[in-house]
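Data block below; observations after.
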Amino acid sequence: MKIFDIPQGSLYINLLYFGSRVLDKKKGRGTMPESKLMTMVEAVDRFVPDGSEIALGCGLETCIPFSAGHELMRQKKRRLALIGPISDMLFDQLVGAGCADRIRAAWVGNVITGSGYNFRRAVESGAIDVEDHTNLTITMGLRAGAAGVPFMPTLTALGSDLLSTNSQLKEMVCPFTGGPLVAVRAIRPDVAIISVQRAAASGGAHAWGNLGVSREACMASRQVIIVAEEIVPEDTICSDPNRILLPSFRVGAVVHEPWSAHPSPMPGFYNRDHQVFLDYQQASKTPPGFAEWFSRWVVGVASRTEYLDLLGNDRQRQLMITHSAPSVPVDYGY
Numbered sequence: 132m133k134i135f136d137i138p139q140g141s142l143y144i145n146l147l148y149f150g151s152r153v154l155d156k157k158k159g160r161g162t163m164p165e166s167k168l169m170t171m172v173e174a175v176d177r178f179v180p181d182g183s184e185i186a187l188g189c190g191l192e193t194c195i196p197f198s199a200g201h202e203l204m205r206q207k208k209r210r211l212a213l214i215g216p217i218s219d220m221l222f223d224q225l226v227g228a229g230c231a232d233r234i235r236a237a238w239v240g241n242v243i244t245g246s247g248y249n250f251r252r253a254v255e256s257g258a259i260d261v262e263d264h265t266n267l268t269i270t271m272g273l274r275a276g277a278a279g280v281p282f283m284p285t286l287t288a289l290g291s292d293l294l295s296t297n298s299q300l301k302e303m304v305c306p307f308t309g310g311p312l313v314a315v316r317a318i319r320p321d322v323a324i325i326s327v328q329r330a331a332a333s334g335g336a337h338a339w340g341n342l343g344v345s346r347e348a349c350m351a352s353r354q355v356i357i358v359a360e361e362i363v364p365e366d367t368i369c370s371d372p373n374r375i376l377l378p379s380f381r382v383g384a385v386v387h388e389p390w391s392a393h394p395s396p397m398p399g400f401y402n403r404d405h406q407v408f409l410d411y412q413q414a415s416k417t418p419p420g421f422a423e424w425f426s427r428w429v430v431g432v433a434s435r436t437e438y439l440d441l442l443g444n445d446r447q448r449q450l451m452i453t454h455s456a457p458s459v460p461v462d463y464g465y
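Per this note's numbering, the sequence shown runs over residues 132 to 465.
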C-alpha cells in the first residue's frame, strides 16, 4: 500500500505511528527510530531547497511557523511556492524578502489590519503568480494529495469566478446524481512546516486547538518539518494517541523552538501579539519601511533566541497564558 493511499482517520494515523517502531530482534522488543532533532538552520538548509513548494500557516490564524519563515528569509531561499489557507502576514514577509514567486492560497494579508502590502505590490507588478483558492478548495486539494487521488470533488466554488481564473478547479458532472461538482486537483507540497505544542525527538507530535489543515498538509507533503514548543518523552506522545498529528516516520526533522509561532498564538502557551501586527502594518506600507523592519527583526538576529531577546522578557510575560483551561482526561485502558 502506498503511503498516500492511507485514509485520514485518526485510527489509521495511530496504527501507523505505533507501527513505525523498529524491531530490535536481539532484545526482543520494539525500539523507536533515531532522533530527528536538529536546529532550524539545519532543517531549512536540508529540506527546503530553492524552488520548493511549501505548506505554511496551516493552522489558519494560530500556530503559524514564523520562526521557520524567518530562517527561510535569512538563508535567502528563492523561487518558493507558498501553499496555505488564510495565510496571515508570514506570506507577505516572504514575498517582501524575495523568497517566493508563486502563491496558492485563499488569502494573503494581515489578520488584524487587512492588506498585505508586499503581496499587493508584487501582484500589481507581476512579480508573483497567484493561484486563487478558498479555504475549502485548498483543503480539498491537500486531501486529494494525502489520499493519492488526482482530485477531490466538492460543491464549493460552484457559481463563483474561481472556475474561470483557477485552472486547477474544473466543473464536472457527478457520475451518481448527474449534478454539478467541482474537481479540485491534488496538491502535493514538497514540504510542510508545522508548529505544534509538543513533540518527541523521533517525530511524534501532539497538536491541539484549531488545527486548520495541518493534518491534511502533513499527509499530502513529501516531507515534514515539525517545530515544537517543547520536547517530551516518547511515552507522553503515546499516552494520548488521538492527539498525534501524523505518523512519526513521515517527519524528516524535529526542531525545538520555543515561541516559534510568535506573533501568532499557540494554544496553551501564549496569546496573539496584536502590537506586532499593528507595527508591521505601518512598517510594510512602503518598501523602505519594510526593509527597515526586515533588517531589525529578521536579518538583524541570527536565531529565535536573539529574536526573543529583542522582543524582551516583559513582552513575553504579558503574552503568556494566565488562565488554565485543561480538557477532561480520557481513559485508554484495556
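We put the beta carbon where it would ideally sit given N, CA and C, even for glycine.
What you are looking at is a predicted structure, and each value in this text was computed from that prediction instead of being measured.
Can you have a look at residue i and say buried or exposed, based on whether 16 or more other CB atoms are within 10 angstroms of its CB?
i: glycine 190; result: buried
i: isoleucine 452; result: exposed
i: histidine 454; result: exposed
i: glycine 310; result: exposed
i: leucine 409; result: exposed
i: asparagine 249; result: buried
i: threonine 268; result: buried
i: methionine 303; result: exposed
i: arginine 381; result: buried
i: glycine 343; result: buried
Confirm, please, whether the CB-CB distance from residue j to residue i is below 7 Å.
i: valine 358; j: serine 379; result: no
i: isoleucine 214; j: arginine 233; result: no
i: alanine 384; j: alanine 174; result: yes
i: alanine 231; j: leucine 211; result: yes
i: isoleucine 318; j: leucine 273; result: yes
i: proline 323; j: serine 352; result: Checking the sequence, you will find alanine at residue 323 rather than proline. Yes; because the gap between Cβ atoms is below 7 Å, this pair is in contact.
In the DSSP assignment, find the unbroken beta strand (DSSP E) run with residue i in it and report its ends.
i: aspartate 232; result: 231–238
Please list the terminal residues of the continuous alpha helix (DSSP H) segment that includes residue i.
i: leucine 439; result: 435–442
i: serine 345; result: 345–351
i: arginine 329; result: Careful: arginine 329 lies outside any alpha helix (DSSP H), inside the beta strand (DSSP E) at 322–330.
Please classify residue i: does DSSP put it in a helix, a strand, or coil?
i: leucine 267; result: helix
i: glutamate 361; result: strand
i: glutamate 262; result: strand
i: asparagine 249; result: helix
i: alanine 174; result: helix
i: valine 430; result: coil
i: valine 254; result: helix
i: serine 336; result: Note that residue 336 corresponds to alanine in the displayed sequence, not to serine. Note: alanine 336 maps to strand in three-state DSSP.
i: valine 226; result: helix
i: leucine 342; result: coil
field: Length-filtered (3 minimum) beta strand (DSSP E) runs lying within the segment 365–413
entry: Qualifying beta strand (DSSP E) stretches, in chain order: 382–387.
Ordered list of alpha helix (DSSP H) runs contained in the segment 270–316, each at least 4 residues: Qualifying alpha helix (DSSP H) stretches, in chain order: 293–296.
task: At 3 residues or longer, and completely inside the segment 179–223: list those beta strand (DSSP E) runs for me, N to C.
output: Here the runs fully enclosed are 184–186, 211–217.
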